[in-house]
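Novice: Numbering (our numbering), first residue to last: 5 to 60.
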């Protein structure tokens, strides 16, 4: 599976949905970031990861 680091997962998911991209399951939040999964046109699962902002 391919994993892409993204800056704003929620905004990206909205934009992808508008383009007809299928999201797989629900977005998950963990102490190290948010994750979501989509399918590419060839049926490959892609993971999207927004890491936790470590700025204090």
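Don't be surprised by glycine CBs; every beta carbon is placed ideally from N, CA and C.
Straight-line CA distance for residue 40 to residue 57?
Specialist: Roughly 17 angstroms separates the two Cα atoms.
Novice: Looking only at DSSP bridge pairs, what is residue 8 linked to?
Specialist: Residue 8 is bridged to 52.
Novice: Roughly how far, in whole angstroms, is the beta-carbon of residue 10 from the beta-carbon of residue 54, given that I think they are within contact range, below 8 angstroms?
Specialist: So it is a contact: roughly 5 angstroms between Cβ atoms.
Novice: Between which residues of its own chain and residue 37 is the CB-CB distance below 6 angstroms, once the five residues before and five after are set aside?
Specialist: Contacts found: 53, 54, 55 and 56.
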